[in-house]
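K.L.:
Following this note's numbering from start to finish, the sequence shown increments by one per residue and tops out at 327.
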Amino acid sequence: MTQRCEDLLLRAQAALERGEFDRGYRLAIEAEALAKEAGDQDLADRAFCNACAFAIELDTASGMVPRLKQILLGSGNLRNRFLAAYYTAVAYDLDDDLAKASSYARRAAELAAELPEPELRARSANLAGNLALREAEFDAAESCYEQAMAAHRGRDGYHRLMEAQEKDNLGYVLLCTDRVSDGLSLCEAAREALEAMGDVHYLPQTLQDLCYGYLLNDNLDLAQRHGERALDLAAAAPDPLVVKNCLFLLSEVAVRRGDSFRARRYLRELTTHYPEVGVSEELIDVFLATDLTTVVNLRG
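1) Residues in the same chain with beta-carbon distance under 6 Å from Leu294, minus the five sequence neighbours each way, listed in chain order, please.
2) Taking contact to mean at least 3 C-beta pairs separated by less than 8 Å, is the segment 162-174 in contact with the segment 132-141?
3) Do Ala132 and Ala111 have their C-beta atoms within less than 8 Å of each other?
4) Can the beta-carbon of Val32 be found closer than 8 Å to that of Ala74?
5) Along the chain, where does the alpha helix (DSSP H) that runs through Met176 open and close?
6) Going by the CB atoms, is the gap between Leu297 and Gly240 shorter than 8 Å?
7) Taking the straight line between their C-alpha atoms, what separation do you get for Cys80 and Ala159?
8) Out of Asp209, Lys194, Gly254 and Phe48, state which residue places its alpha-carbon closest to the alpha-carbon of Ala177.
9) Does DSSP put Glu57 in a helix, a strand or coil?
10) Just curious, the alpha helix (DSSP H) that Thr29 is in, first and last residue?
11) With a cut-off of 8 Å on the beta carbons, I'd call Leu197 and Tyr172 a contact; round off their distance for me.
12) What residue range does the alpha helix (DSSP H) around Glu146 cover?
13) With a threshold of 16 other CB atoms inside 10 Å of the CB of Asp205, please say whether the residue is buried or exposed.
14) What do you get for Val282, buried or exposed, if any count of 16 or more other CB atoms within 10 angstroms of its CB means buried?
15) On the premise that Leu105 lies in contact with Leu142, defined as a C-beta separation below 8 Å, what is that separation, rounded to the nearest angstrom?
16) If you drop the 5 nearest sequence neighbours on each side, which residues of the same chain put their C-beta closer than 6 Å to that of Leu249?
17) So, with DSSP's three-state summary, where would you put Asp49?
18) Is Glu219 buried or exposed, if buried means 16 or more other CB atoms sit within 10 Å of its CB?
19) Taking the straight line between their C-alpha atoms, what separation do you get for Gly66 and Ala60?
20) For Glu141, report the span of its alpha helix (DSSP H) as first-last.
21) For Leu221, which of Lys96, Ser212 and Thr233 has the nearest alpha-carbon?
22) Would you call His300 buried or exposed, if buried means 16 or more other Cβ atoms sit within 10 Å of its Cβ?
23) Thinking just about the alpha-carbon of each residue, which of Ser208, Tyr185 and Ala261 is nearest to the one in Leu43?
24) Applying the 10 Å Cβ sphere with the 16-neighbour rule, what's the burial state of Ala261?
25) Compare the C-alpha of Leu237 against each of Gly225, Ser307 and Ala217 and name the closest.
26) Can you give me the C-alpha to C-alpha distance between Leu14 and Ala316, rounded to a whole angstrom?
27) Taking just the CA atoms, how far does Arg252 sit from Leu85?
28) Taking Val323 as the reference, which of Phe48, Thr29 and Tyr199 has the closest Cα?
29) Quick check: Asp120 and Asn157, are their CB atoms within less than 8 Å of each other?
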């Protein structure tokens, strides 16, 4: 039965690499049930943590946090405790509770340092970079992403996907710190890698970042091309944050082209994502008069 659980978790990992999150979640939950039946609590905890990886991608992880905390506090397995701390941090990040996310991310980093797996330290570093980036702490984010990339560089499978994400994240840091050419190079490399892998889950964010970078470079054709593609993919996903960011960016592209009609259309669509504010022509006028590249944080 233990081997059956391990096989299910390998299939779940393969599903993760293909972006098949619903299937991966079901496989991990099945593995957890079998491990419990076999009386293997460590394996059951690992399977549950694996299921959390899929729940996070499906935006359904909030309800799993209490069990994650139980594993973190009660498990004698150091690796499972790391996974519990890591996924708790990610879940809080998705709920916009940055204080709790940062606290659990630090705990995950402490546990990763005790384990002989560079991959876990890389995941922890990438998470720390994401949290630093949300707070516009660019130096810290840059250091974290470089550390994470070093652990994944030259490896296959899921590591290629992670390296592409980290390249995009680092590229965005460079865009935000006036190193536009280098930032665009990294984001383009990330795009090429994601497209080669057939990924459509992480690609919208990378295309969004390219839209932003080419807008900073005043290359409006490329900015519009990547922004429109990102918007379409994000709407289909759905990825509300990327959708909102792209509407902001594409409105700025339209303003720079002198197309105020198109800019207003994008901004009116943007207001539908903020029903508590409502459609306000006065607010739209303010946006039209503002260089939106100076006020938007693409990481929320």
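Using N, Cα and C, we set each Cβ at its ideal position, and we do this for glycine too.
P.N.:
On the basis of the supplied data:
1) As a first step, residue 294 is located in the sequence shown; it is residue number 267 there, counting from the start. Closer than 6 Å at the Cβ level, and outside the excluded window around Leu294, lie Ser278, Ile311 and Phe314.
2) no
3) Within the sequence shown, numbered from 1, the residue matching residue 132 stands at position 105. Within the sequence shown, numbered from 1, the residue matching residue 111 stands at position 84. Not a contact, by the Cβ cut-off of 8 Å.
4) Stepping through the sequence shown from its first residue, residue 32 is reached at position 5. Stepping through the sequence shown from its first residue, residue 74 is reached at position 47. Here the sequence assigns Cys to residue 32, which means Val is not the residue at that position. The answer is yes: Cβ separation under 8 Å.
5) On the sequence shown, position 149 is the one that residue 176 refers to. Met176 -> alpha helix (DSSP H) spans Phe165 to His179.
6) For this step, residue 240 is matched to residue 213 along the sequence shown. For this step, residue 297 is matched to residue 270 along the sequence shown. Not in contact: Gly240 and Leu297 (Cβ atoms no closer than 8 Å).
7) Reading the sequence shown from its first residue, position 53 is the one you call residue 80. Reading the sequence shown from its first residue, position 132 is the one you call residue 159. For clarity, residue 80 is Ala in the given sequence; the question names Cys instead. Rounded to the nearest angstrom, the two C-alpha atoms are 21 Å apart.
8) Walking along the sequence shown from the start, residue 177 turns up at place 150. It is Lys194 whose Cα lies nearest to the Cα of Ala177.
9) For the purposes of this step, residue 57 is identified with residue 30 of the sequence shown, where counting begins at 1. Note: Glu57 maps to helix in three-state DSSP.
10) Reading the sequence shown from its first residue, position 2 is the one you call residue 29. Here the alpha helix (DSSP H) through Thr29 covers Thr29 to Arg45.
11) Here residue 197 refers to the residue found at position 170 of the sequence shown. Here residue 172 refers to the residue found at position 145 of the sequence shown. Their Cβ separation, rounded to whole angstroms, is 4 Å, which keeps Leu197 and Tyr172 in contact under 8 Å.
12) Mapped onto the sequence shown, residue 146 falls at position 119. Counting along the chain, the alpha helix (DSSP H) containing Glu146 begins and ends at Pro145 to Arg161.
13) Counting from one through the sequence shown, the residue named residue 205 turns up at place 178. Counting Cβ neighbours within 10 Å, Asp205 comes out exposed, since fewer than 16 surround it.
14) As a first step, residue 282 must be located in the sequence shown, where it is residue number 255. Buried, because 16 or more other Cβ atoms sit within 10 Å of the Cβ of Val282.
15) Counting from one through the sequence shown, the residue named residue 142 turns up at place 115. Counting from one through the sequence shown, the residue named residue 105 turns up at place 78. Right, the Cβ-Cβ distance comes to about 6 Å (below 8 Å), so this counts as a contact.
16) Position 222 of the sequence shown, counting from 1, holds the residue named residue 249. So the qualifying residues of the chain are Tyr241.
17) Taking the first residue of the sequence shown as 1, we reach residue 49 at position 22. In the structure shown, Asp49 sits in a helix (DSSP, three-state: H, G or I).
18) Here residue 219 refers to the residue found at position 192 of the sequence shown. Looking at its Cβ environment, which holds fewer than 16 other Cβ atoms inside 10 Å, Glu219 is exposed.
19) Mapped onto the sequence shown, residue 66 falls at position 39. Mapped onto the sequence shown, residue 60 falls at position 33. Cα to Cα, the separation comes out at about 10 Å.
20) As a working note, residue 141 is residue 114 in the sequence shown. Careful: Glu141 lies outside any alpha helix (DSSP H) and carries neither H nor E.
21) Reading the sequence shown from its first residue, position 194 is the one you call residue 221. When only C-alpha atoms are compared, the closest one is Thr233.
22) In the sequence shown, counting from the first residue as 1, residue 300 sits at position 273. Exposed, by the Cβ-count rule.
23) By one-based count along the sequence shown, residue 43 stands at place 16. Here the closest residue by C-alpha is Tyr185.
24) Position 234 of the sequence shown, counted from the start, is the residue given in the question as residue 261. Burial call: buried.
25) Here residue 237 refers to the residue found at position 210 of the sequence shown. Looking at the Cα atoms, Ala217 is the closest of the given residues.
26) Because the chain is modelled from 28 through 327, residue 14 falls outside the range shown and cannot be assessed.
27) Translated into positions along the sequence shown, residue 85 becomes position 58. Translated into positions along the sequence shown, residue 252 becomes position 225. The alpha-carbon atoms of Leu85 and Arg252 are separated by roughly 28 Å.
28) For the purposes of this step, residue 323 is taken as the residue at position 296 of the sequence shown. If we check each option's Cα against that of Val323, Tyr199 comes out closest.
29) Indexing the sequence shown from 1 puts residue 120 at position 93. Indexing the sequence shown from 1 puts residue 157 at position 130. Yes.
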